[in-house]
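To start, the structure under review is shown below, and the notes come after it.
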Amino acid sequence: MSGPVALRIGEAMTGKALKARMAMHVPFRNASGEVLDDGLVLAFPAPGSYTGEDVLELHGHGGTAVLGGVLARCVELGARLAEPGEFTRRAFLNGKLDLAQAESVADLIEAKTSIAARSALRSLRGEFSERVEALHRGLVELRALAEASLDFPEEGDVEVMQAYGVAARLSSLREQLKAVQQAARQGTLLREGVTVAIVGAPNVGKSSIFNRLSGDEVAIVTAVPGTTRDILRAVVALEGVPFEFIDTAGLRVSDDPVESIGIERGRKAAQGADIVVRVMEAGADASALPGVPSHIDVENKIDVTGAPPGIDRTLGVPRVRISALTGAGLDQLRAVLLEAAGWKPLEEEGVFMARARHIRALEEAAERLAEAAALGVEREELFAEELRYALEALASISGRTSADDLLGEIFARFCLGK
Ligand SMILES: Nc1nc2c(ncn2[C@@H]2O[C@H](COP(=O)(O)OP(=O)(O)OP(=O)(O)O)[C@@H](O)[C@H]2O)c(=O)[nH]1
Ligand SMILES: [Mg+2]
């Protein structure tokens, strides 16, 4: 419970005077003094709490009936149920967290892999915010220099700007921003994952590859062309990045209405996927590959031709030689998949959780700075204007300048009571 009456409710329910940040073992009682449960009560007086308000925690035994009774008593005494994200929203409004940190609370709770959880925690602890904040400070300084020279036109602004090294500072800030963008993109990848559609002619081994990649016999594999009809999906983490693999029906002209529907669905899945893997049999010529844009091509069944596993990078997209039967080349395929997803494995320590909203804001700032650089310090007024826009974009990440509707949208996606 958070708010001005939280501690009073705690005292009414337990009949004890609470001590700040001291756990006490107490009975929780209803209006007629009956014991509903017994457990721990903890009081965190403002401002030393998660939300920055008075916070009360009751630790009971759980279970629907007991919990319901305790909750009903809290409501009787003046509490109401929290809206989704309301605790974190209050923490943000009371300056306990900035917006990027608040968002990482939800990301930490939802993280599906340990790398994703670690990077969400790094964001929560403020690493992402600090990097953005450093950029912000650098830009504020730069803008002050640029505007100072505007205020003293008689000095000759261009000379003043040059004397302050404005152009050099700008280019170093752009470098820093690029590094932050790179790390943020990695973070988004951990959060959002990638979808990979496996397409190709019937019987080339798509389902066998799908099973290998998902580490499970999910799809039916037979020597009959046209085995797969429904679309199958499996989610696996490769180096902590969530990959959703999609197995599709072999692409061919079919009289069978069921197979035709499956083929149509397969095409749609390929269109919607982040990465398309086209499969053909080793030894076949490239015209055996379906005419859809791909990111990775695979020659399967090299055990039949005796070709060595490996990656050919001399073509438009990487072509990987594998055998789904023996497993040869599968590690190379995984590496190429991670590469196509944009994952740089060695940089995990520098990755923090980020969202599409942050990526857009960083891009906006980068564009504004590129614009400023193109204008050059000679166009001082426009130059200063672009810096101002870049600053606004960065400020939206931490939420210093966030509109109410944006806040509503962000916190509404939290799970209840966080
Ligand atoms: N020798 C060899 N056979 C393979 C390999 N991969 C798959 N096969 C065989 O090829 C046949 C077709 O495999 P599937 O995985 O069902 O092929 P598919 O592309 O999913 O086929 P459809 O669903 O019909 O489009 C099966 O008999 C598999 O055992 C491989 O690497 N080597
Ligand atoms: Mg299949």
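The sequence shown begins at 23 in the working numbering and counts up by one.
C-beta atoms are modelled at their ideal positions from N, C-alpha and C, and glycine is treated no differently.
Note that the structure is a prediction, hence the values are computed from the model and not measured.
Asked	Found
Buried versus exposed, by CB contacts within 10 Å (16 or more), Leu337	exposed
Segment limits, alpha helix (DSSP H) that includes His380	378-397
Arg300 vs Asp319 beta-carbon contact at 7 Å	yes
C-alpha distance - Glu169 paired with Arg382, whole-angstrom precision	27 Å
Element boundaries [alpha helix (DSSP H), containing Phe374]	Here Phe374 belongs to no alpha helix (DSSP H), and DSSP marks it neither H nor E.
For Ile220, the first and last residue of its enclosing alpha helix (DSSP H)	Taken as a continuous stretch (DSSP letters only), Ile220 belongs to no alpha helix (DSSP H), being part of the beta strand (DSSP E) at 216-222.
Pairwise C-alpha distance: Glu75 and Gly10	Examination of residue 10 is not possible in this model, given that the chain is present from 23 through 440 alone.
Sufficient close CB pairs (3 or more, under 8 Å) joining the region 393-413 to the region 217-228	no
Pro247 versus Ala219: straight-line alpha-carbon distance, rounded	19 Å
Assigned exposure category for Lys14 - 16 Cβ within 10 Å defines buried	The question about residue 14 has no answer here: the residues shown for the chain are numbered 23 through 440.
Contact test: Lys323 Cβ vs ligand 1 heavy atom, cutoff 6 Å	yes
DSSP-derived helix/strand/coil call for His47	strand
Check: Ala346 C-beta below 6 Å from any heavy atom of ligand 1	yes
Val226 beta carbon near ligand 1 (any heavy atom closer than 6 Å)	yes
Secondary structure, beta strand (DSSP E): runs of 3+ residues fully inside the region 313-368	318-322, 332-334, 341-343
Cβ separation of Leu360 and Leu260, assumed to be a contact under 8 Å, to the nearest whole Å	6 Å
Contact the region 131-143 vs the region 154-165: 3+ CB pairs below 8 Å	no
Rounded separation between Leu212 and Ile419 - CA only	19 Å
Distance CB(Gly284)-CB(Arg251) smaller than 7 Å	yes
Outcome for Pro264 when other beta-carbon atoms lying within 10 angstroms are tallied against a minimum of 16	buried
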